[in-house]
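Participant: Handing you this structure, nothing more for now.
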Amino acid sequence: MGNRILIVDDAAFMRMMIRDILSKNGFEVVGEAQDGSQAIEKFKELRPDLITMDITMPEMDGIAALKEIKKVDANAKVIMCSAMGQQAMVIDAIQAGAKDFIVKPFQADRVIEAISKTLGV
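Numbering follows this note's numbering, with no gaps: position 50 of the sequence shown is 81.
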């Protein structure tokens, strides 16, 4: 199917926003995590088709988690979520293997465009 998504963000409100956008557009949210280490565990357990990953989180940030997930599965598809003004971190994330990035506050059409493009749907 190619549309099982794991949402990773330390802010419950942001996870809820993304979940709403995704479910309204026919994507299945298979899990959520609130930091990088949880993201890695959930990825191994759920094997989602795509992950939306916040860059700045406590414990382990999104870039560190992205690198670990890529060690588990080099083909993992990850879209980074960043706040305005995090360009340097976005570049690091892309170099580490992120497929795309979306900027907060989320615009529903941009979120769907990034996910659809990355999943090829």
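We treat Cβ as the ideally placed atom computed from N, Cα and C, and that holds for glycine.
Assuming L81 and I110 make a contact with CB atoms under 8 Å, what is their CB distance in whole Å?
Facilitator: Indeed they touch by this definition, with Cβ atoms about 7 Å apart.
Participant: Under a Cβ-count criterion, where at least 16 other Cβ atoms within 10 Å of its own Cβ denotes burial, should S113 be classed as buried or exposed?
Facilitator: buried
Participant: Is V39 helix, strand or coil when you go by DSSP?
Facilitator: strand
Participant: Taking only beta-carbon atoms, is D123 less than 8 Å away from chain B?
Facilitator: As a matter of chain content, chain B is missing from the structure shown, which is built from one protein chain.
Participant: For I44, count neighbouring C-beta atoms within 10 Å of its own C-beta (all shown protein chains included) and say buried if the count is 16 or more, exposed if not.
Facilitator: The question names Ile, but residue 44 in the sequence shown is Phe. Per the 10 Å Cβ criterion, exposed.
Participant: Here's the rule I'm using: 16 or more other beta-carbon atoms within 10 Å means buried, otherwise exposed. How should D51 be labelled?
Facilitator: In this structure D51 is exposed. Its beta-carbon is surrounded by fewer than 16 other beta-carbon atoms within 10 angstroms.
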